[in-house]
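In what follows, a structure is listed as structure tokens, so that the remarks can point back to it.
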Amino acid sequence: MMKRICSCVLALGWLSSFTAALPADEPSETPAKVSYHRDVRPIFQEHCHGCHQPAKQGGDYVMTSFDQLVKGGESEAAAIVPGHPEKSYLMDQIKRSGDEAAMPKDNPPLLQDQIDLIARWIKEGAENDQPMSTQARYDMDHPPEYKAMPVVTSLDFSPAGDLLAVSGYHEVVLHHADGSGIAARLVGLSERIESAVFSPDGKRLAVTGGSPGRMGEVQIWDVEAKQLVVSLTVGYDTIYGASWSPDGTLVGFGCPDNTIRAIKADSGEQVLFNGAHDDWVLDTVFSVKGDHLISVSRDQSMKLINVPTQRFIDNVTSITPGALKGGLASVDRHPSKEEVLCGGADGVPKIYRIFREQARKIGDDFNLIRAFPAMPGRIFSVAFSRDGERIVAGSSLNNSGQVAVFNTADGKQISKFDVTDGGIYAVAFSPDAKIVAAAGFSGTVTLLNAETGEAIKQFTPAPLAP
């Protein structure tokens, strides 16, 4: 026993001597340099780019271009002096005085940690480490040039019927409604445009989109002036399904973080945030009175949200497992009735009443008013005519597509148009319901006779480079 104890003591002594002989821990590595692309630019993107971009140059200062970010704006003072945050005018504007700061204007100041990070980046030399793919290349004076047309995801006629808004790459192209030419090109930050919708009075255009995996954005444009009024960064991926409240004061939209949101159209202030969905929210529409927002999602449901309280009210569609065959992609409201038209993965356009008239029972789909004949593939876009007497839907299946017009009252098909060069992702009625605009994968816009389905005109939304 004594031998064992002695052996243990000797072993411990040897270990102690060995440990003492080891070199002391190396000093911790110096902190990595602050990256403009990874650390600083996301702060500017969230808090500053909305008011300081080519389409909206607050104080003649553009922060989306690195050279202009450094140079400064109307103050003529250098915004950033590499190595010297104390000499950089930008730091004077963002530094906090209690709970206030000069910039961001009319918004809460940056967090002190964010301010310190920007100051450290400037002190370390204010290097630009952006990859080329994230550097701004387009603005109103330098619109995109196309070798091939991008997929069209959104179409909308103006209420007066004189313009057709067509989604593009980094832009919305406003066409004369008869397809005779371009009236304006509204170029913004978002490379992908998911929806573009005229306000009820036609004076403004709400746009949702973003840069995939980097940011989502809502844009509000003054149509006549061709000027960006509001640019609001939302989240870190593209956003969908813009809709206007009937009085034109609010804009609703859906997000890939499963949330439904609404903002004030004149300021961008968020007034609604709800997370009732379990998957991406792809489209929204307001009720006739504007006090409810209806949304559709990849989670196979249509939900009803009270706008003033931001509360989830009801599932408009059935909640029975297996009753719905895939996600919903598009929704539109009847112009005068509290009824909505939706379409999605099952290829069946359906009209639902918005407000439940009897208690829900498991297994029922009581709010369903009418299911129209199935279309080939998935439905990506639906719309009511201005008088509510007709609906149109666009679908896609195996690199082909279909546009179908139905009579609302009895569900009979009035006309259809088949395409073989790609799916249909966007449809819209002209205000008089005589014309249907359709587009999708091919990038070509087709104007159709709603009564016969005959193609009247086809055109590319933007000029193709030689």
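Using the numbering used here, the letters of the sequence shown correspond one by one to residues 5 to 470. Backbone N, C-alpha and C fix where the C-beta goes; we use that ideal spot for every residue, glycine too.
Inset, instruction - Please report how far the alpha carbon of Asp-350 lies from the alpha carbon of Gln-406, in whole angstroms. - result: 14 Å
Inset, instruction - Please state if the CB of Ile-460 and the CB of Leu-468 are separated by a distance shorter than 9 Å. - result: no
Inset, instruction - Give the secondary structure of Arg-100 by DSSP, where H, G and I count as helix, E and B as strand, and everything else as coil. - result: coil
Inset, instruction - Given a cut-off of 9 Å, decide if Val-423 and Pro-446 are closer than it, judged by their beta-carbon atoms. - result: Checking the sequence, you will find Ser at residue 446 rather than Pro. Yes, these two residues count as a Cβ contact at 9 Å.
Legend entry - Arg-394: CB within 8 Å of a non-hydrogen atom of the ligand GTP: The ligand GTP is absent from the structure shown, which contains no ligands of any kind.
Inset, instruction - Check Met-136 in the structure and name its three-state DSSP category. - result: helix
Inset, instruction - Quick one: give me the first and last residue of the alpha helix (DSSP H) that Trp-125 is part of. - result: 116 to 127
Inset, instruction - In angstroms with no decimal places, state the Cα-to-Cα distance between Lys-109 and Gly-76. - result: 16 Å
Inset, instruction - Return yes when the Cβ of Arg-265 is within less than 9 Å of the Cβ of Gly-252, no when it is not. - result: no
Legend entry - Neighbourhood of Val-449 by C-beta distance below 8 Å, restricted to the same chain and skipping five residues each side: Val-156, Leu-159, Leu-168, Val-170, His-179, Gly-183, Ala-441, Ala-442, Ala-443, Gln-462, Phe-463, Thr-464, Pro-465
Inset, instruction - Note down, in chain order, each residue of its chain lying with its Cβ closer than 7 Å to the Cβ of Arg-218, except the 5 sequence neighbours on either side. - result: Tyr-240
Inset, instruction - Quick one: give me the first and last residue of the beta strand (DSSP E) that Asp-422 is part of. - result: 417 to 423
Legend entry - Counterpart residues of Asp-354 in DSSP-defined beta bridges: As written in the sequence, residue 354 is Lys, which differs from the Asp given in the question. BP columns for Lys-354 point to Cys-346, Ala-375.
Inset, instruction - Please state whether DSSP places Met-67 in a helix, a strand or coil. - result: coil
Inset, instruction - Go ahead and label Met-306 buried or exposed: buried means 16 or more other beta carbons lie within 10 angstroms of its beta carbon, across all protein chains shown. - result: buried
Legend entry - Proximal residues to Glu-50 (C-beta, below 6 Å), its chain only, five neighbours per side dropped: Thr-237
Legend entry - Limits of the beta strand (DSSP E) - the one that His-51 falls within: Premise fails: His-51 lies in the alpha helix (DSSP H), 45 to 51, not in any beta strand (DSSP E).
Legend entry - CA-to-CA distance, Ile-309 to Asn-278, given in whole angstroms: Pairing Asn-278 with Ile-309, the inter-Cα distance amounts to about 8 Å.
Legend entry - Per-residue DSSP class, three states only, for Val-156: coil
Inset, instruction - Just tell me which of Leu-121, Ile-122, Ala-454, Val-320 has its CA closest to the CA of Ala-363. - result: If we check each option's Cα against that of Ala-363, Val-320 comes out closest.
Inset, instruction - Could you tell me the boundaries of the beta strand (DSSP E) in which Thr-237 lies? - result: Run containing Thr-237: 231 to 238, per the beta strand (DSSP E) assignment.
Inset, instruction - Determine contact between the stretch 120 to 140 and the stretch 34 to 50, defined as no fewer than three beta-carbon pairs at a distance below 8 Å. - result: yes
Inset, instruction - With DSSP as the reference, label Gln-72 as helix, strand or coil. - result: helix
Inset, instruction - Kindly indicate which three-state DSSP category Tyr-244 falls into: helix, strand or coil? - result: Of the three classes helix, strand and coil, the one that applies to Tyr-244 here is strand, per DSSP.
Legend entry - Buried or exposed by the 16-neighbour rule on C-beta atoms within 10 Å, applied to Leu-209: The residue is buried, with at least 16 neighbouring Cβ atoms inside 10 Å.
Legend entry - Integer-rounded CB distance, given that Ser-162 should sit under 8 Å from Gly-206: 5 Å
Legend entry - Proximal residues to Pro-260 (C-beta, below 6 Å), its chain only, five neighbours per side dropped: Asp-241, Trp-284
Legend entry - Separation of Gly-457 from Glu-221, as counted between CA atoms: Their backbone Cα atoms lie some 35 Å apart in a straight line.
Inset, instruction - List the whole-angstrom C-beta distance separating Leu-193 from His-56, where the pair is believed to meet the contact cut-off of C-beta under 8 Å. - result: At roughly 11 Å, the Cβ-Cβ gap does not stay under 8 Å, so Leu-193 and His-56 are not in contact.
Legend entry - Own chain partners of Lys-37 with C-beta closer than 7 Å, once the 5 adjacent residues on each side are dropped: Glu-128
Inset, instruction - Have a look at the DSSP bridge pairing and note the partners of Phe-161. - result: Leu-168
Legend entry - Identity of the residues DSSP links to Ile-264 by a beta bridge: Gly-258, Asn-278
Inset, instruction - Within its chain, find whatever has a CB closer than 6 Å to the CB of Arg-337; leave out the 5 residues flanking it on each side and keep chain order. - result: Val-289, Val-344
Inset, instruction - Decide if Ser-101 is buried, meaning its Cβ has at least 16 other Cβ atoms within 10 Å, or exposed. - result: exposed
Legend entry - Enclosing beta strand (DSSP E) for His-174 [first to last residue]: 173 to 180
Legend entry - Best match in Cys-346, Glu-195, Leu-190 for proximity to Asp-226 [C-alpha to C-alpha]: Ranking Cys-346, Glu-195, Leu-190 by Cα distance to Asp-226 puts Leu-190 first.
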